[in-house]
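Undergrad:
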Amino acid sequence: MTTLNSVLLSALSGLRASQTAIGVASQNVTNANTPGYVRTEVTLSPRTQLGAGSGVDVTAVTRAANRFLDTASYIAEAANGSASVRSDILARAQANFGDPSSDNSMFGLLDGFWSAVNEIGVDPSSSLRRDDAVSSLQSTYTEIQRVAQSLTDLGTEADQRISDDVANAQDLLNRIASLNDQIRLNKRTDADASAAENAQSALIDQLSSLVDLRVSPVAEGGVQVRTSGGALLVGVTAATISYTPSVSSSGAHAVIQLNASDGSQTNLEPFLKDGELKGLLQVRDQDLPNLQQALGGFSAALGDALNKVHNENASTPAVSTLTGRDTGLLSSDTMNFTGNSIIGIVDANGVLNDRLTVDFDAKTITSASSSTVYSFAGGTIGDFTTALNSAMAAATPAGSATFANGSLTMNVGNGGGAVIQQDPTDPSSRAGRGFSHFFGLNDLVSSPTPMFFENGTKGTDLAGFNAGGAISYQVYDSAGRFIGNRTVTIAGSLATPTATMSDLLGALNATGTGLGEFGQFSMDATTGQVTFAPNANYSVSLLSDTTQRGDTGISFTALNGLSSQSTAGRALSVNVNSAIASDPSRLAVGRPDLTSALGQQIIEGGDNRGSTALAAVKDTSRAFAAAGSLTAQTTTLAVYAARLGGEAGRMASDAQRAADGASAVATAASDRRSQVEGVNIDDELVKMTTFQNAYAAAARVIQAATQMMDVLVNLGIASSV
Numbered sequence: 074m075t076t077l078n079s080v081l082l083s084a085l086s087g088l089r090a091s092q093t094a095i096g097v098a099s100q101n102v103t104n105a106n107t108p109g110y111v112r113t114e115v116t117l118s119p120r121t122q123l124g125a126g127s128g129v130d131v132t133a134v135t136r137a138a139n140r141f142l143d144t145a146s147y148i149a150e151a152a153n154g155s156a157s158v159r160s161d162i163l164a165r166a167q168a169n170f171g172d173p174s175s176d177n178s179m180f181g182l183l184d185g186f187w188s189a190v191n192e193i194g195v196d197p198s199s200s201l202r203r204d205d206a207v208s209s210l211q212s213t214y215t216e217i218q219r220v221a222q223s224l225t226d227l228g229t230e231a232d233q234r235i236s237d238d239v240a241n242a243q244d245l246l247n248r249i250a251s252l253n254d255q256i257r258l259n260k261r262t263d264a265d266a267s268a269a270e271n272a273q274s275a276l277i278d279q280l281s282s283l284v285d286l287r288v289s290p291v292a293e294g295g296v297q298v299r300t301s302g303g304a305l306l307v308g309v310t311a312a313t314i315s316y317t318p319s320v321s322s323s324g325a326h327a328v329i330q331l332n333a334s335d336g337s338q339t340n341l342e343p344f345l346k347d348g349e350l351k352g353l354l355q356v357r358d359q360d361l362p363n364l365q366q367a368l369g370g371f372s373a374a375l376g377d378a379l380n381k382v383h384n385e386n387a388s389t390p391a392v393s394t395l396t397g398r399d400t401g402l403l404s405s406d407t408m409n410f411t412g413n414s415i416i417g418i419v420d421a422n423g424v425l426n427d428r429l430t431v432d433f434d435a436k437t438i439t440s441a442s443s444s445t446v447y448s449f450a451g452g453t454i455g456d457f458t459t460a461l462n463s464a465m466a467a468a469t470p471a472g473s474a475t476f477a478n479g480s481l482t483m484n485v486g487n488g489g490g491a492v493i494q495q496d497p498t499d500p501s502s503r504a505g506r507g508f509s510h511f512f513g514l515n516d517l518v519s520s521p522t523p524m525f526f527e528n529g530t531k532g533t534d535l536a537g538f539n540a541g542g543a544i545s546y547q548v549y550d551s552a553g554r555f556i557g558n559r560t561v562t563i564a565g566s567l568a569t570p571t572a573t574m575s576d577l578l579g580a581l582n583a584t585g586t587g588l589g590e591f592g593q594f595s596m597d598a599t600t601g602q603v604t605f606a607p608n609a610n611y612s613v614s615l616l617s618d619t620t621q622r623g624d625t626g627i628s629f630t631a632l633n634g635l636s637s638q639s640t641a642g643r644a645l646s647v648n649v650n651s652a653i654a655s656d657p658s659r660l661a662v663g664r665p666d667l668t669s670a671l672g673q674q675i676i677e678g679g680d681n682r683g684s685t686a687l688a689a690v691k692d693t694s695r696a697f698a699a700a701g702s703l704t705a706q707t708t709t710l711a712v713y714a715a716r717l718g719g720e721a722g723r724m725a726s727d728a729q730r731a732a733d734g735a736s737a738v739a740t741a742a743s744d745r746r747s748q749v750e751g752v753n754i755d756d757e758l759v760k761m762t763t764f765q766n767a768y769a770a771a772a773r774v775i776q777a778a779t780q781m782m783d784v785l786v787n788l789g790i791a792s793s794v
């Protein structure tokens with residue numbers, strides 16, 4: 074009887090083992106097409122009793138996971154996630170620039186403007202041709218603004234997607250950590266944990282496209298998940314990550330915080346090496362800003378080049394009121410001009426009645442009609458304005474000059490007008506621009522904030538910033554750790570009337586209260602522009618600037634181009650001068666000769682020399698400062714425009730090639746992983762057949778043993794077997 078019991082128990086163990094194996098194979102077949110499913114395998118071992126075989130045991134049900142192939146797949150998916158999101162956004166950015174060969178693109182519209190200006194030369198007196206030129210330039214700047222806004226919108230979209238991805242990643246981390254608990258419990262109770270492990274693996278696969286991962290198994294069950302940079306995302310519990318999207322498209326962005334509730338203020342971003350989040354951060358913080366900066370630089374350079382010529386030209390009739398741009402300067406600032414400038418006063422018929430020669434070196438204004446010399450020996454803008462006002466008041470027809478809100482205005486009465494040109498032998502210059510050009514007295518293109526930042530100020534000039542304004546920066550170290558915020562407020566000695574630009578720079582460069590430990594502000598002695606050079610170990614970003622220089626409304630950072638709003642923002646703010654847009658007859662297409670004798674007519678309707686000079690701007694070389702992804706260079710506007718369009722195309726094509734390569738690698742890694750971990754239905758069907766036969770064999774053994782037992786019982790000898 075003992076022998077029969079042993080046979081029955083052995084067969085029963087085989088029955089159970091075969092049933093388990095059939096169930097595992099059936100589960101594999103059912104999930105053959107389930108994404109991320111890793112097939113499970115049954116491990117069998119012989120059962121012995123006192124050295125003799127007594128059946129079979131199911132030692133374990135395990136997943137056919139390969140840790141090394143999994144890691145390779147995570148790396149490939151992260152790279153694919155980063156490359157694909159960059160490719161998508163940059164392709165859309167490039168598409169917004171349009172086809173350069175299209176007449177409706179930014180480049181085609183600009184070509185239309187050059188053609189319209191050339192057409193003016195055929196008949197300078199034609200109001201229709203002037204209207205067409207002004208309209209073409211307006212259309213060009215409208216398209217530039219549309220492209221700039223589209224880049225801004227893409228940046229806002231990327232910022233919002235970062236927020237969405239962070240929320241999605243947090244949900245995945247929580248679920249992965251929860252499955253860790255379930256897997257550990259199953260392993261402690263010797264239950265099958267493969268279903269929970271498969272579910273966890275699928276979640277990790279999803280997370281790997283968002284964040285680059287390193288996954289390591291834990292002895293008691295479950296996994297630890299870290300970024301490639303070492304930040305722990307899942308340990309005993311899930312980490313908490315959070316991000317608040319920016320409410321403004323300009324200024325500094327928040328950072329992705331890791332375990333913010335612990336008060337550590339850890340920035341997760343430096344720990345991200347790849348993944349969709351990394352791609353979105355690169356697009357938002359580098360790629361799109363580089364394009365925006367380049368576009369803003371082109372928009373301003375085009376306007377500045379046209380203004381340089383237009384300020385030498387004159388309209389027919391001459392403009393009676395010349396209103397300059399908001400320079401951000403104060404009447405207490407020194408003029409800081411060198412050389413000479415000539416102001417012609419004409420009557421309603423365009424006859425030259427007076428010629429005022431401004432000698433900035435001698436600080437005098439000399440009238441050709443009366444030989445009177447007007448001095449501005451004090452050297453300030455206020456002193457100059459007073460002298461100019463006196464000189465114009467004595468002219469015929471009489472005029473006036475005022476300086477307020479950072480803007481110089483000249484007015485000539487009785488239907489007369491003013492024409493301003495550079496002295497041909499000793500041209501005036503402040504930080505590289507002539508008198509009329511610098512003050513924007515006859516600008517064709519204008520902006521509410523400075524188009525250029527070579528402002529010509531000196532360290533000894535009065536700071537002039539209103540009390541209470543503040544400049545705030547945030548500082549991070551090279552590892553992305555938050556260092557702190559630094560704010561310099563216009564208060565105390567900085568708010569006194571005697572505070573100078575050097576005093577403000579000193580406050581900004583102060584250690585402990587300014588940014589002295591993290592970088593250096595400096596003023597260019599030639600241009601007056603203030604720049605900031607951060608130390609290599611720190612990242613400094615502008616948070617806000619509420620300063621205002623006197624009554625100009627211009628902040629410190631706007632005056633010097635120290636914010637993205639003042640540099641990239643030029644693509645949104647620059648446009649055709651509203652006075653010319655509303656009255657195209659003010660388009661200055663003539664180039665009068667101010668060296669003519671007094672009493673001669675110098676304003677003539679058929680003069681096309683000014684339009685010829687405007688048309689020549691297209692192919693005149695000029696120096697372009699570095700702007701975003703475009704390096705500093707000396708070239709023509711036409712070539713620079715082509716390089717801008719080419720840069721957008723290059724960035725998009727490079728991103729597309731990177732995305733194609735990353736996709737191919739990710740596909741190869743997934744295929745290799747599937748070969749090892751995936752389900753082969755033919756193999757599983759063979760296993761099912763094998764274990765079904767084993768099940769049937771064990772059942773027959775049980776049946777045979779039962780029949781033998783019955784026979785022995787009938788013979789009455791069962792008790793002895």
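Here the numbering used here = 1-based position in the sequence shown + 73. Think of the CB as a built atom: it goes at the ideal place given N, C-alpha and C, for glycine as much as any other residue. Quick caveat: nothing in here was measured; it's all calculated off a predicted structure.
Between Ala881 and the rest of its own chain, which residues show a CB-CB distance below 6 Å, the 5 nearest in sequence each way excluded?
TA: Lying before the first or after the last residue shown, residue 881 is absent from the chain, which here runs from 74 to 794.
Undergrad: Can you give me the C-alpha to C-alpha distance between Arg659 and Ala543, rounded to a whole angstrom?
TA: In this structure, the straight-line span from the alpha carbon of Arg659 to that of Ala543 is close to 40 Å.
Undergrad: Please return the same chain residues whose Cβ sits closer than 6 Å to the Cβ of Ala145, not counting the five positions on each side in sequence.
TA: Ala742
Undergrad: Over what stretch of residues does the beta strand (DSSP E) that includes Val446 continue unbroken?
TA: 446–448
Undergrad: Within a Cβ cutoff of 6 Å, which residues of the same chain sit near His326, ignoring the five residues on either side of it in sequence?
TA: Ser319
Undergrad: Along the chain, which unbroken stretches of the alpha helix (DSSP H) at least 4 residues long are found entirely within the stretch 151–209?
TA: Here the runs fully enclosed are 179–193.
Undergrad: Expressed to the nearest angstrom, what Euclidean distance is found between the alpha-carbon atoms of Ala90 and Ala138?
TA: 22 Å
Undergrad: So, are the CB atoms of Thr625 and Gly479 less than 9 Å apart?
TA: yes
Undergrad: Per DSSP, what are the beta-bridge partners of Asp432 in this structure?
TA: In DSSP, Asp432 forms a bridge with Asn413, Thr437.
Undergrad: Between which residues of its own chain and Gln706 is the CB-CB distance below 7 Å, once the five residues before and five after are set aside?
TA: Phe697
Undergrad: Assign Gln673 to buried or exposed, taking buried as 16 or more other Cβ atoms, counted over all protein chains shown, within 10 Å of its Cβ.
TA: Residue environment: Gln673 is assigned as exposed (fewer than 16 neighbouring CB atoms within 10 Å of its CB, all protein chains considered).
Undergrad: Leaving out five residues on either side along the sequence, give the residues of the same chain with a beta carbon under 6 Å from the beta carbon of Gln167.
TA: Ala721, Gly722, Ala725
Undergrad: According to the neighbour-count rule (16 or more other Cβ atoms, all chains shown, within 10 Å of its Cβ), is Phe141 buried or exposed?
TA: With fewer than 16 Cβ atoms within 10 Å of its Cβ, Phe141 is classed as exposed.
Undergrad: If you reduce the DSSP assignment to three classes, tell me which class Pro570 lands in.
TA: coil
Undergrad: Assuming contact is defined by CB atoms lying nearer than 9 Å, are Gly490 and Pro197 in contact in what I supplied?
TA: no
Undergrad: Quick one: what's got a C-beta closer than 6 Å to Ala735's C-beta in the same chain, skipping five residues either side?
TA: Ala152, Asn153, Ala156, listed in sequence order.
Undergrad: Should Asn539 be labelled buried (16 or more other beta-carbon atoms within 10 Å of its own) or exposed?
TA: That one is exposed.
Undergrad: Are the CB atoms of Leu246 and Thr213 within a distance shorter than 9 Å?
TA: Against a cut-off of 9 Å, the Cβ pair of Leu246 and Thr213 comes out as no contact.
Undergrad: Extract the residue ranges of the beta strand (DSSP E) inside the stretch 583–658, only unbroken runs of 3 or more that lie entirely within it.
TA: 592–596, 603–607, 611–618
Undergrad: Cβ atoms of Thr600 and Ala699: under 9 Å apart, would you say?
TA: no
Undergrad: I want to know whether the stretch 227–240 touches the stretch 355–365 - three or more CB-CB distances under 8 Å.
TA: yes
Undergrad: Check the C-beta distance from Ser281 over to Tyr110 and give it rounded, since I have them as a contact under 8 Å.
TA: 16 Å between Cβ atoms; not a contact.
Undergrad: Based on the DSSP secondary-structure assignment, which residues constitute the bridge partners of Ala696?
TA: Thr707
Undergrad: Can Leu517 and Gly376 be called in contact, C-beta distance under 9 Å?
TA: Contact: yes.
Undergrad: Looking only at its own chain, which residues have a Cβ that is under 7 Å from the Cβ of Glu342, when we skip the five neighbours before and after it?
TA: Val328, Ile329, Leu354, Gly553
Undergrad: On a Cα-Cα basis, can you pick out the residue from Gly623, Gly529, Leu645, Gly642 that is closest to Ser597?
TA: The question names Ser, yet the displayed sequence has Asp at residue 597. It is Gly529 whose Cα lies nearest to the Cα of Asp597.
Undergrad: With a threshold of 6 Å on Cβ separation, who are the neighbours of Ser236 within its own chain once the five nearest residues in sequence on each side are excluded?
TA: Tyr316, Pro318
Undergrad: So the alpha helix (DSSP H) Ile454 belongs to, where does it begin and stop?
TA: 454–466
Undergrad: Candidates Val774, Thr533, Ser637, Ala689: which alpha carbon is nearest Ala367's?
TA: Ser637
Undergrad: Where are the beta strand (DSSP E) runs, 3 residues long or more, that stay fully inside the stretch 697–777, in chain order?
TA: 706–708
Undergrad: Out of Gly701, Arg165, Ala711, point me to the one whose CA is closest to Ala689's CA.
TA: Ala711
Undergrad: Cutting at 8 Å between CB atoms, please list the residues of its own chain near Asn259, excluding the five before and the five after it.
TA: Asp265, Ala266, Ala269, Gly294
Undergrad: Can you name, in chain order, every residue of its own chain whose Cβ lies under 7 Å from the Cβ of Phe186, other than the five neighbours on each side?
TA: Ala206, Ser209, Leu210, Thr213
Undergrad: Using CA atoms only, rank isn't needed, just tell me which of Val749, Pro523, Leu703, Leu788 is closest to Phe371.
TA: Closest by alpha carbon: Leu703.
Undergrad: Could you check how far apart the C-beta atoms of Gly634 and Leu514 are, in whole angstroms? I think they sit under 8 Å.
TA: Incorrect: roughly 22 Å between the Cβ atoms, too far for contact.
Undergrad: Select from Arg643, Ser694, Leu345, Ala441 the residue whose C-alpha is nearest the C-alpha of Pro521.
TA: Pro521 has its Cα closest to that of Arg643, out of Arg643, Ser694, Leu345, Ala441.
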